[in-house]
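J.:
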Amino acid sequence: MEAFNNLMYGFGIALEPMNIAYVFFGVFAGTIIGMLPGLGPISALALMIPITFAMEPSSGLILMAGVYYGAIFGGSTSSILLNAPGVAGTVATSFDGYPMAKQGMAGKALAIAAYSSFIGGTVSIIFLMLVAPMLGRVAVSFGPAEYFALMVLGLTAVVSLSDKSLVKGLIAAVIGVMISIIGIDLQTGTERYTFGSAHLLDGIDFLVVALGIFALAEVFYMLLRGGGGKEQPRNAIGSLKLSGKECRAIAAPIGRSSILGFFTGVLPGAGATIGSFLGYSMEKRLAKDGDTFGKGNIKGVAAPEAANNAACTGSFVPLLTLGVPGSGTTAVLLGALLVMGVTPGPAMIESRPDVFWGVIASMYLGNIFLLVLNLPLIPLIAKILDMPRPLLLSLILIFCMIGVYGMSFSVFDLLLLLAFGLIGLGMRLFGFPAAPLILALILGDIMEESMRRALQISGGDWSIFIDKPISMWLLIIAALSLILPLVKKAIAGARA
Amino acid sequence: MTAKLSRLSFLALPLAATMAFGAATAQADDWEPTSSVEFIAPANPGGGWDTLVRTTSRVIQEEGLAERNFAAINTPGGGGAVAWAQIARDAGNPHKIFATSPPIILVPLAGTSRYDHTDFTPIARLITDYSIVLVPADSEYESLNDLMEAMAEDASLSVGGGSAPGSMDHISIAGLASAAGLNASDVNYIPFSGGGEAMTNLMGGHVEAVITGAGEAAGQLGEDSDIRALGVSAPERLGGSLADIPTYLEQDIDYTFDIWRGVMGTPDMPEEAVSYYENLFAEMLETDGWVEARDQLGWLDAYQDSEEFGAFLDEQKELFSEVLSELGLLGD
């Protein structure tokens, strides 16, 4: 009941005409930003800080939060249409979204992404409202040992992401981990794989690799195969409507992934990317038609989209209840709040209820706006696919290059992009899956850093990973998820 | 007569006006930016350098202190090394300045940047923050000396910090340990990727103490907080919510540590440009807009002009080299 009263108080703030305008502007800007790779939510928010200086803190945060979840909402568009994920959280969406678009179901894929994002976001806000104060504890209970175990669990998804050959999937994953190691080692300050180049000191940005091995490799592949535009473009956007059967099929995956996504979002540092990969691989394993994942299964779009939006809202828990940022984006939000004179932290719910409840209420509104805004836009945006192939391919190329250059203003990164495009093409031609590489790249450095931190704390004693209950359970689940499929296969083999 | 007088005044008035105008602007009038000024944060948006660049550009603009625009530009990479390498190639350019802090000395000392502070032109030191030592609220350590004694007995006692080994937080705690009679290399320093992450790990009981910036920690401390502060590295007590925290000096450990931030320019920046920026920033520190932003961010003014700042940087380099060589982290 108290939560309800608080929420009504929050709506009182969120429904002030100016704040409605801010929510709308925030999610609108966010959607656009999300669609363009390179201009991720972090840089967009940093650019907005000066605008929010003069605002009431609650309005400022309402606007900035809108940009953040709007960007995650809109991020699926380029993943689905162009195989070019603009933000890390939407990589998993491209696995089935892009095949759907190729099969002439772009409209349906985008619609599923929009519905799933909406539900994931909304479920997550309900959780945020009801359990946020208690969850602060859960967030801090994750130390280095627990993170290591979580990353191990995340990496087991490699098995489900490498469909044809497990060995090739594992090779791709090892290369991903090797790429993640490039740069200055945080623990010792040693340079690894930098070849003396200052450009590699901070490692290789995820976006360069993702755009290279997904989007650019796809362009090269089409050029090789299609001979530069002789083949007819596939055009059809398809209907946006979902049949009753399809709705029933995606309902459970959306529900499960929303909850999973929320809890991964709560953990500082884990966030939308890991949530979406875990959601995707969980659904692939649970589904009876799991073997069609990666070939345009609607559940493969629904699960990661619900998870990444839920995780985005979940990442507000550590920010609002502990005052510690859970991700790069919430770090910028924290900075902005401090400048506006609000100190997020345990005391904020009492000292600034207007900010806390106002933002939560505004998120309900924002998600509705996003749905209403995005659905009518789908046919317009999906028209991109109507373009003649030479134009479309050049567009993807420009899109990738602007995305990478706009992020770092570095020509070196453009060359890297090209290199990863060629690597991606080679991988496709020789049947190596790209998804395990990306997953390992994302998880690799957190996994390594957490492991070494944990061992440094324990004085080199490996038992720290099983002495801590959360870490032990995560490792057991990881082991089970690797062993069970083998057991199943063995049993099936014995029967046959 | 009257006609004559009026004619005189007709002549004199503009003349006097010109003279007065000339006198008022004489200081800054020698040189002014002729195009917009690139103000570089050698890091991604959101960090300390970025906040400094964005806040100062905004105040300069809002208070109408400069005719030309100050454009905030992020050039991330190599803990600053990428931006420094670019700026170093732009010798003499009066329209390019950048935010700086101890990494301009520490990163070259660690051997990962070819350029150090002597390659650039010091403009002004602006602000400072201090280190703060934190423990969980229910920790058995009541004072800094309790913690130091425990560290002397148990070398595996973990102290988290928000930056890499050999960078600010590590130097700060190692110097403190050394001043308290321990070996600097005895500190089991656990690097996290930011002060926030280090504090989260402290709240969760994953490390036993944390060293981070006092400004960053200020919001976390208070009545019902899960964490408690043992000391600050300032020469005197800080204000606001940090007023109750004793300094290291009060606890008989003769050590202070500054996390200063300032502005530098391109190599061999013309003198008149340096003095223009010096005066501009000095003027900015007096404005209400600055005072407000500074207080909200928990910064403390610590202005030094170009010459003082240059000398200060040389001193800092000596101090850091000592601690780093004690830690065995001095690069080549």
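Here the protein sequences line up with chains A and B, keeping their order. So the number in this note's numbering is just where the residue sits in the first sequence, counting from 1, plus 1364. So the number in this note's numbering is just where the residue sits in the second sequence, counting from 1, plus 356. Where a beta carbon is used, it is the ideal one built from N, C-alpha and C, also for glycine.
#1: Can you pull the DSSP bridge partners for B/Y545?
#2: Measure the C-alpha to C-alpha separation of B/A422 and B/A399 and round it to an integer number of angstroms.
#3: Please state whether DSSP places B/D651 in a helix, a strand or coil.
#4: Looking only at C-alpha atoms, which of B/G621, B/A599, B/G537 and B/S677 sits nearest to B/D693?
#5: Spatial neighbours of A/T1694 within its chain, please: CB distance less than 6 Å, with the 5 preceding and 5 following residues excluded, ordered by chain position.
#6: A/Q1551: which of B/A540, B/F548 and B/V543 sits nearest, CA to CA?
#7: Would you please verify whether the beta carbon of A/P1508 is less than 8 Å from any beta carbon of chain B?
#8: Closer than 8 Å by beta-carbon distance: list the chain B residues that pair up with A/I1548, in chain order.
#9: Closer than 8 Å, CB to CB, is B/P389 near chain A or not?
#10: B/T556 versus chain A: which residues are under 8 Å apart at the beta carbon?
#11: Relative to the C-alpha of A/F1389, which residue among A/L1801, A/L1492, A/L1729 and A/V1630 is closest?
#12: What residues of chain A sit near B/P547, judged by a beta carbon separation below 7 Å?
#13: Against chain B, with Cβ distances strictly below 8 Å, would A/R1620 count as a contact?
#14: What is the DSSP secondary structure of B/Y659, reduced to helix, strand or coil?
#15: On the three-state DSSP scale, how would you describe B/F377?
#16: Looking at chain A, is there any beta carbon in it that lies within less than 8 Å of the beta carbon of B/A493?
#17: Which partner residues does B/E671 have in the DSSP bridge list?
#18: Looking at the secondary structure, which residues open and close the alpha helix (DSSP H) in which A/E1812 lies?
#19: Return helix, strand or coil for A/R1556, following the three-state DSSP convention.
#20: Going by DSSP in three states, A/V1688 sits in which element: helix, strand or coil?
#21: Let me know the secondary structure DSSP gives B/E394 once reduced to three states.
#22: DSSP state of B/D582, grouped into three classes?
#23: Looking at the structure shown, is B/N430 part of a helix, part of a strand, or coil, going by DSSP?
#24: Compare the C-beta of A/Q1820 with all C-beta atoms of chain B and state if any pair is closer than 8 Å.
#25: Among A/V1630, A/G1560 and A/M1493, which has the Cα closest to the Cα of A/R1501?
#26: Can you look up A/G1593 in the DSSP assignment and give me helix, strand or coil?
#27: Measure from the C-beta of A/I1413 to each C-beta in chain B and report whether the shortest distance is under 8 Å.
#28: Tell me the DSSP secondary structure of A/G1518 in three-state form.
#29: Where B/A384 and A/G1398 are concerned, what is the direct C-alpha to C-alpha distance, given to the nearest angstrom?
#30: Please report the distance separating the alpha-carbon of A/A1536 from that of A/L1642.
#31: Looking only at its chain, what residues have a beta carbon closer than 6 Å to the beta carbon of B/N557, apart from the 5 residues adjacent to it on each side?
#32: Starting from A/T1441, trace the alpha helix (DSSP H) both ways and give me its first and last residue.
#33: Among the residues of its own chain, which have a CB less than 7 Å from the CB of B/T731, if the five just before and after it don't count?
#34: Classify A/N1313 as buried or exposed, calling it buried when 16 or more other Cβ atoms lie within 10 Å of its own Cβ.
#35: Using CA coordinates, which residue listed in A/S1640, A/L1409, A/L1580 and A/I1483 is at the minimum distance from A/F1733?
#36: State yes or no: is the C-beta of B/T484 within less than 8 Å of the C-beta of B/W616?
T.: Looking at the coordinates:
#1: B/V515
#2: 25 Å
#3: helix
#4: No answer is possible for residue 693 of chain B: it lies beyond the span of chain B, which begins at 357 and ends at 688.
#5: S1679 and L1683
#6: B/F548
#7: yes
#8: G434, G435, T468 and A520
#9: no
#10: A1503, V1504, P1632, P1682, L1686 and V1688
#11: A/L1729
#12: L1550 and Q1551
#13: no
#14: strand
#15: With a pLDDT of only 42 at B/F377, under 50, the local geometry of the prediction cannot be trusted, and the value read off the model is given with reservation. B/F377: helix per DSSP, three-state reduction.
#16: no
#17: None, per the DSSP bridge assignment.
#18: A1799 to S1822
#19: strand
#20: coil
#21: strand
#22: coil
#23: strand
#24: yes
#25: A/V1630
#26: Unreliable positioning characterises A/G1593 in this predicted model, as indicated by a pLDDT of 45, which lies under 50. The coordinate reading is nonetheless provided below. Coil at A/G1593, not helix or strand.
#27: yes
#28: helix
#29: The predicted position of B/A384 is uncertain, since its pLDDT is 45 and thus under 50; no value can be drawn from it.
#30: 18 Å
#31: G516 and V563
#32: S1440 to L1446
#33: Chain B is shown only over 357 to 688; residue 731 of chain B falls outside these bounds and no answer can be derived.
#34: Because chain A is modelled from 1365 through 1860, residue 1313 of chain A falls outside the range shown and cannot be assessed.
#35: A/I1483
#36: yes
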